[in-house]
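Line by line, the protein sequences are chains A and B. Going by our numbering, the first sequence wraps up at 513, each residue one higher than the last. Going by our numbering, the second sequence wraps up at 75, each residue one higher than the last. What follows is a short report on a single structure.
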Amino acid sequence: MSDIAFLSAAELGRRIARRHLSPVEVTDEMLARIARLDSQLNAYVTVVPERARAEAKAAETEIAAGAWRGPLHGVPIALKDIFDTAGIETAAGSKILRGNVPDADAAVVERLRAAGTLLLGKLNMHEFAYGTTNRNEHWGDCRNPWNLAHVPGGSSGGSGAALAAGLCYGSLGTDTGGSIRIPASVCGVVGLKPTFGRVSRRGVVPLAWSLDHVGPMARTVEDAALLLGAIAGHDPADEWSATEPVDDYTRDLEAGVRGLRLGLPRQLFFEGLDPAVEHEVRAAIDVLIGEGASTLEVELPHVEHAQTALHATLASEASAYHQRWLRERPDDYGDVRPALELGLFIPAVDYVNARRWQTLVRSDFAAALRQVDVLVAPSLPRTAPRIGEPVSREPRIAWNRFMTPLNLAGLPAISVPCGFDESGLPVGLQIAGRAWDEATVLRVARAYERATDWHEQRPPMAA
Amino acid sequence: MDDALIEEQARARGLKVDAARAREFDASLNSLLARLRHLGELLPCGAAPPPNRAPG
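Okay, structure coming up:
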């Protein structure tokens with residue numbers, strides 16, 4: 051059965067629909083792999099085997115009765131521990147929320163259940179999603195399957211690690227300053243931050259209301275498209291959820307890039323790159339040109355200070371959310387405490403100015419995306435740091451600095467695997483698009499994936 | 020800000036800022052506030068915060 055562990059969710063769903071595979075057998079295989087491999091990774095904080103088997107049995111019965119729900123019916127997934135799950139602890143990687151068992155599912159959990167997925171468990175994350183490494187003193191550090199001495203990225207590190215190691219078929223993350231795309235990039239999987247407002251945040255522990263995005267993480271672009279299709283759409287219970295119609299994200303996946311124009315940002319995104327990252331990303335752009343795309347350099351004059359604007363906005367909003375706990379339970383925080391305390395000292399004027407800068411960044415991207423169909427750039431300037439290696443928040447060298455402008459802009463952005471550095475750690479290619487145009491982002495990502503085999507590489511520990 | 024002021028402001032917010040961490044905290048805060056001052060100086064007068072709705 052081990053050959054099924056790395057099937058895509060889409061292919062697994064097709065085999066389950068044809069009744070060539072049983073959701074019960076697949077779930078048992080996943081649970082066995084988690085039991086065998088996860089002690090090395092610490093990707094899971096909670097596993098729910100009885101519930102997963104019961105859901106698998108129910109899916110099998112429904113499908114046999116002709117009540118097929120769609121392409122994700124019977125597919126086992128796992129969720130970052132930031133999404134409320136009725137009856138299952140949701141602690142957001144913290145000590146503060148230990149023992150918090152929600153009464154209701156988050157909106158996206160409801161939607162994934164309606165699509166027929168079944169839940170294997172909850173995944174490790176950086177405490178309260180406020181960090182990029184997934185070091186975690188309360189739940190233990192999560193490790194990168196490609197090299198256990200390195201971080202899996204964060205904050206959705208458990209999602210990246212579990213996917214790369216074949217311990218689930220799909221996942222969801224949250225992205226406030228890169229927390230979907232960072233672990234996707236450094237674990238060699240796919241992570242999509244959709245347009246702001248595309249996916250409901252109801253029942254998701256917030257980090258910063260004006261920047262938080264929920265999105266899919268997967269091993270293939272098609273899987274990300276299927277997951278996005280399942281979770282996207284208006285939710286009146288989330289004030290910032292949009293009413294924009296939801297596309298069929300799989301419809302144009304195979305349309306290729308012939309005739310599309312790729313924008314290469316002149317500022318920020320190609321500065322200070324590790325040579326291996328630069329080599330792999332330039333090669334990836336050449337692949338897309340070979341597939342028929344053209345390129346154009348575009349100006350983004352205000353992105354240089356995007357990291358500072360994001361830092362002030364994120365820190366202010368996060369500190370507002372945490373203010374009471376900081377006062378009453380300061381010693382229950384781990385490494386996020388200094389950053390949360392810092393936010394309490396940011397003057398209101400500076401917060402407003404940071405939001406004003408956000409408008410300029412949005413305008414930059416809007417102007418650039420009137421000239422091109424998508425932007426392409428490295429996801430990160432470097433591959434995964436070693437566990438314990440300092441990771442700076444200083445704007446010029448922060449390793450998420452190519453991602454934060456897209457959080458301010460609220461635009462869809464995906465990371466797809468595009469190679470490895472000399473020590474075998476994955477490199478990611480970032481593709482960003484116009485608001486609500488996830489379909490084109492996915493189409494370009496799929497064209498690249500189809501022309502390469504990076505997404506088929508597996509970490510040796512997961513074999 | 021000096022250590023005493025940081026501690027005083029922290030206390031006013033009901034926080035326990037460890038005195039030993041005050042200097043490091045102070046450096047981080049001053050660095051951020053300096054960057055934000057610079058950002059404020061660069062802003063054109065007409066720039067307003069974005070609307071509280073999705074882009075598009």
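Ideal Cβ placement from N, Cα and C applies to all residues, glycine included. Computed from a predicted model, the values in this text were never measured in an experiment.
Legend entry - DSSP bridge partner residues for residue 345 of chain A (one or two, in chain order): As a working mapping, residue 345 of chain A is identified with position 295 in the first sequence. Beta-bridge pairing links residue 345 of chain A to A/312.
Inset, instruction - Report the rounded CA-to-CA distance for residue 134 of chain A versus residue 140 of chain A, giving the unit in angstroms. - result: Position 84 of the first sequence, counting from 1, holds the residue named residue 134 of chain A. Position 90 of the first sequence, counting from 1, holds the residue named residue 140 of chain A. Their Cα atoms are separated by approximately 6 Å.
Legend entry - Beta carbon proximity, residue 67 of chain B to chain A, threshold 8 Å: Along the second sequence, one-based indexing puts residue 67 of chain B at 48. For residue 67 of chain B, the answer is yes, since a Cβ of chain A falls inside 8 Å of its Cβ.
Legend entry - Any chain A beta carbon closer than 8 Å to residue 42 of chain B: The sequence position of residue 42 of chain B within the second sequence is 23, counting from 1. Chain A, which has no Cβ nearer than 8 Å to the Cβ of residue 42 of chain B, makes this no.
Legend entry - Environment of residue 51 of chain A [buried if 16+ CB atoms lie within 10 Å]: Looking up residue 51 of chain A in the first sequence gives position 1. Here the model assigns residue 51 of chain A a pLDDT of 48, short of 50, so the residue's position is not dependable and the matter cannot be decided.
Legend entry - Cβ-based burial, residue 23 of chain B [other Cβ within 10 Å; buried from 16]: One-based indexing of the second sequence puts residue 23 of chain B at position 4. So residue 23 of chain B ends up on the exposed side.
Legend entry - Contacting positions in the stretch 45-57 of chain B - beta carbon closer than 9 Å to chain A: 47, 48, 50, 51, 52, 54, 55, 56 and 57
Inset, instruction - With DSSP collapsed to three states, give me the class of residue 51 of chain A. - result: Taking the first sequence and counting its residues from 1, one reaches residue 51 of chain A at position 1. In this predicted model, residue 51 of chain A has a pLDDT of only 48, less than 50, meaning its place in the structure is not dependable; the value taken from the coordinates is given anyway. Of the three classes helix, strand and coil, the one that applies to residue 51 of chain A here is coil, per DSSP.
Legend entry - beta strand (DSSP E) runs contained entirely in the stretch 222-290 of chain A, provided each spans 3 or more residues: 240-243 and 263-268
Inset, instruction - Compare the beta carbon distance of residue 74 of chain A and residue 112 of chain A with 8 Å and say whether it is the shorter of the two. - result: In the first sequence, counting from the first residue as 1, residue 74 of chain A sits at position 24. In the first sequence, counting from the first residue as 1, residue 112 of chain A sits at position 62. The answer is no: Cβ separation not under 8 Å.
Legend entry - Inside the stretch 372-447 of chain A only - beta strand (DSSP E) runs reaching at least 3 residues: 424-428
Inset, instruction - Return the CA-CA distance between residue 337 of chain A and residue 501 of chain A, expressed in angstroms with no decimal places. - result: As a working mapping, residue 337 of chain A is identified with position 287 in the first sequence. As a working mapping, residue 501 of chain A is identified with position 451 in the first sequence. Their backbone Cα atoms lie some 7 Å apart in a straight line.
Inset, instruction - May I ask which residues mark the beginning and end of the alpha helix (DSSP H) holding residue 130 of chain A? - result: Start at 1 with the first residue of the first sequence, and residue 130 of chain A comes out as number 80. Unbroken run through residue 130 of chain A is the beta strand (DSSP E), 126-130; no alpha helix (DSSP H).
Inset, instruction - Can you tell me which of A/286, A/307, A/299 and A/351 puts its alpha carbon nearest to the alpha carbon of residue 316 of chain A? - result: One-based indexing of the first sequence puts residue 316 of chain A at position 266. Residue 316 of chain A has its Cα closest to that of A/351, out of A/286, A/307, A/299 and A/351.
Inset, instruction - Taking the CB atoms as reference points, tell me whether residue 222 of chain A and residue 129 of chain A lie closer together than 8 Å. - result: As a working mapping, residue 222 of chain A is identified with position 172 in the first sequence. As a working mapping, residue 129 of chain A is identified with position 79 in the first sequence. Yes. Within cutoff.
Legend entry - Beta-carbon proximity check, residue 507 of chain A vs residue 238 of chain A, cutoff 8 Å: For the purposes of this step, residue 507 of chain A is taken as the residue at position 457 of the first sequence. For the purposes of this step, residue 238 of chain A is taken as the residue at position 188 of the first sequence. Yes; because the gap between Cβ atoms is below 8 Å, this pair is in contact.
Legend entry - According to DSSP, residues forming a beta bridge with residue 171 of chain A: One-based indexing of the first sequence puts residue 171 of chain A at position 121. DSSP lists A/97 and A/128 as partners of residue 171 of chain A.
Inset, instruction - Measure from the C-beta of residue 395 of chain A to each C-beta in chain B and report whether the shortest distance is under 8 Å. - result: For this step, residue 395 of chain A is matched to residue 345 along the first sequence. True, the Cβ-Cβ gap to chain B drops below 8 Å.
Legend entry - Buried/exposed call for residue 293 of chain A, threshold 16 Cβ in 10 Å: As a position in the first sequence, residue 293 of chain A is number 243, starting the count at 1. Looking at its Cβ environment, which holds fewer than 16 other Cβ atoms inside 10 Å, residue 293 of chain A is exposed.
Inset, instruction - Would you kindly report the start and end of the unbroken alpha helix (DSSP H) that includes residue 162 of chain A? - result: Within the first sequence, numbered from 1, the residue matching residue 162 of chain A stands at position 112. Here the alpha helix (DSSP H) through residue 162 of chain A covers 157-164.
Inset, instruction - Report yes or no: is there a C-beta of chain B within less than 8 Å of the C-beta of residue 400 of chain A? - result: By one-based count along the first sequence, residue 400 of chain A stands at place 350. Closer than 8 Å to some Cβ of chain B, the Cβ of residue 400 of chain A qualifies, so yes.
Legend entry - Proximal residues of chain B, C-beta to C-beta of residue 407 of chain A below 7 Å: Here residue 407 of chain A corresponds to residue number 357 of the first sequence, with the count starting at 1. Per Cβ cutoff of 7 Å: 58 and 62.
Legend entry - Within-8 Å CB hit, residue 183 of chain A to chain B: Your numbering for residue 183 of chain A matches position 133 in the first sequence. So, not an interface residue.
Inset, instruction - Could you tell me the boundaries of the beta strand (DSSP E) in which residue 482 of chain A lies? - result: Locating residue 482 of chain A in the first sequence gives position 432, where the first residue counts as 1. Looking at the DSSP string, the run of the beta strand (DSSP E) that includes residue 482 of chain A is 476-483.
Inset, instruction - Could you spell out where the alpha helix (DSSP H) holding residue 339 of chain A opens and where it closes? - result: Locating residue 339 of chain A in the first sequence gives position 289, counting from the first residue. Start and end: 325-340.
Inset, instruction - Look up residue 135 of chain A in the DSSP assignment and give the residues it is bridged to. - result: One-based indexing of the first sequence puts residue 135 of chain A at position 85. Its beta-bridge partners are A/138.
Inset, instruction - For chain A, find out if any of its Cβ atoms is closer than 8 Å to the Cβ of residue 26 of chain B; answer yes or no. - result: Here residue 26 of chain B is taken as the residue at index 7 of the second sequence, counted from 1. By this cut-off, residue 26 of chain B is not an interface position.
Inset, instruction - Take residue 438 of chain A and list the residues in its own chain whose beta-carbon comes closer than 6 Å to its own, dropping the five residues that flank it on each side. - result: In the first sequence, residue 438 of chain A corresponds to position 388, counting from 1. So no residue of the chain qualifies.
Inset, instruction - Taking residue 428 of chain A as the reference, give the member of A/400, A/476 and A/435 with the closest Cα. - result: For the purposes of this step, residue 428 of chain A is identified with residue 378 of the first sequence, where counting begins at 1. With distances taken between Cα atoms, residue 428 of chain A lies closest to A/476.
Legend entry - Status (buried if at least 16 other CB within 10 Å, exposed otherwise) for residue 327 of chain A: As a position in the first sequence, residue 327 of chain A is number 277, starting the count at 1. With 16 or more other Cβ atoms within 10 Å, it is buried.
Inset, instruction - Taking all protein chains shown into account, decide if residue 378 of chain A is buried (16 or more other Cβ within 10 angstroms of its Cβ) or exposed. - result: Within the first sequence, residue 378 of chain A is the residue found at index 328, counting from 1. Exposed, by the Cβ-count rule.
Legend entry - Cut-off 7 Å between Cβ atoms - residues of its own chain near residue 234 of chain A, not counting five sequence neighbours on either side: The residue labelled residue 234 of chain A in the question sits at position 184 within the first sequence. Correct list, in chain order: 210, 240, 241, 267, 465 and 478.
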